[in-house]
Amino acid sequence: MASNPSVDRHRRAFLRISGLAALLAFTQRMPALAQTTGGVAMKIGIVGSGRIGGTVGARWVKAGHEVLFSSRHPDELKGLVEPLGPRARTGTVREAVAFANVVFIAVPYAALPQIGRENAAELSGKIVIDACNPIAARDGEIVQEAMANGIGPTSQKYLPGTRLVRAFNPVGYRNFEGDAPRDGERIGMPLAGDDPEAVKIASQLVRDAGAEPVVLPLARAMEFAPGTPLFGKAFPVSELRKRLGMTQ
């Protein structure tokens, strides 16, 4: 049966439009693959995958980030990483630092000088979230230095060239177990840093972990250090702001 030229012409036009629509829909979906629940996906290297590093890192994986959990013995982290799926992996400290856009350090404070020395070139210019706490009974002389000179400047001294932010050190890891809360007032997370972009990215990662950042200059990091009234407690963000003397 002979085809109708008018019908064929309309059919070809329909197929072209349909094809363009499908392509547009596909390309519009593509950026979503690079998004997290709160922003652009990051490559995060965890140095110190213990209680706080492991639990916060798991939240970040669930939020859509790629996370490399590191340890001196990476094989021991398989139980942590395998349930998290393909966005989580294990490696050495050097591999985590090289992999990352953002490095999260959660180790005994006395280990910072060695980490800084051994990874100086790879850490230079990178955003580093420092969650380390100087504890007198564990960390020795460096605690006196941090208390005398300030935790922020001391961490910056041993992690030179990094874009340093202090966060996640005053709040216990149990507040980050399970899924991040969706409703109600979130706990506040003091976050101290002077680099605007680093602070912005660290703030988003705090939100992706299920808390709400309360931003301070790096010099005020001592206000939520060990031994202060803010350390070891999880306050609702409105209460934390009041305790820090912030009106907004």
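Note that the sequence shown ends on residue 1640 in our numbering; no numbers are left out. Here a beta-carbon is modelled for each residue, glycine too, at the ideal position from N, C-alpha and C. The model shown is predicted, which means the values in this text are computed figures rather than measured ones.
Residue span of the beta strand (DSSP E) that contains residue i, given as start and end
| i | result |
| --- | --- |
| Phe1560 | From DSSP, Phe1560 is part of no beta strand (DSSP E); its letter is neither H nor E. |
Delimiting residues of the alpha helix (DSSP H) encompassing residue i
| i | result |
| --- | --- |
| Val1448 | Arg1443 to Ala1455 |
| Asn1541 | Glu1533 to Asn1541 |
| Glu1510 | Leu1504 to Glu1510 |
| Leu1472 | Lys1470 to Val1473 |
Beta bridge counterpart(s) of residue i as assigned by DSSP
| i | result |
| --- | --- |
| Val1439 | Ser1462 and Ile1497 |
| Gly1585 | Val1557 |
| Arg1635 | Beta-bridge pairing links Arg1635 to no other residue. |
| Val1520 | Val1495 and Leu1556 |
| Gly1580 | Glu1604 |
| Val1598 | Bridge partners of Val1598: none, in fact. |
| Arg1481 | Leu1460 |
| Pro1628 | Ile1579 |
Nonlocal neighbours in the same chain, by C-beta distance under 6 Å from residue i, ignoring five residues either side
| i | result |
| --- | --- |
| Val1563 | Ala1626 |
| Ala1538 | Pro1526 and Thr1546 |
| Leu1622 | Pro1562 and Phe1616 |
| Val1485 | Val1439 and Ser1462 |
| Glu1604 | Arg1578, Gly1580 and Val1629 |
| Ala1490 | Glu1514 |
| Gly1585 | Val1557, Val1591 and Leu1610 |
| Ala1572 | Arg1451 and Gly1602 |
| Gln1536 | none |
| Leu1469 | Ser1441, Phe1461, Ser1463 and Thr1482 |
Spatial neighbours of residue i in its chain, beta-carbon cut-off 7 Å, leaving aside the 5 residues before and after
| i | result |
| --- | --- |
| Ile1365 | In the structure displayed, the chain extends from 1393 to 1640; residue 1365 sits before or after that span and is not available. |
| Leu1504 | Cys1524, Ser1547, Tyr1550 and Leu1551 |
| Leu1416 | Bear in mind that a pLDDT of 32 at Leu1416, under 50, signals an unreliable position, so the model cannot answer this. |
| Trp1452 | Ile1436, Val1459, Leu1597, Asp1600 and Ala1601 |
| Arg1403 | Unreliable positioning characterises Arg1403 in this predicted model, as indicated by a pLDDT of 48, which lies under 50. A coordinate reading is not provided. |
| Leu1472 | Ser1441, Gly1446 and Phe1461 |
| Pro1466 | Thr1482, Gly1483 and Thr1484 |
| Arg1443 | Tyr1565 |
| Leu1476 | Ala1450 and Val1453 |
CB contact below 8 Å: residue i versus chain C
| i | result |
| --- | --- |
| Pro1605 | Note that chain C does not occur in the displayed structure, where there is just one protein chain. |
Residues near residue i in its chain [Cβ-Cβ closer than 8 Å; skip 5 each side]
| i | result |
| --- | --- |
| Gly1517 | Gly1553, Thr1554 and Arg1555 |
| Arg1421 | Unreliable positioning characterises Arg1421 in this predicted model, as indicated by a pLDDT of 32, which lies under 50. The coordinate reading is nonetheless provided below. Counting only Cβ-Cβ distances below 8 Å, and skipping sequence neighbours, we find nothing. |
| Arg1633 | Gly1580, Val1606, Thr1639 and Gln1640 |
| Ala1529 | none |
| Arg1479 | Val1453, Gly1456, His1457, Glu1458 and Val1459 |
| Arg1509 | none |
Three-pair Cβ contact test at 8 Å for the segment 1437-1452 versus the segment 1486-1503: Yes, the segment 1437-1452 touches the segment 1486-1503.
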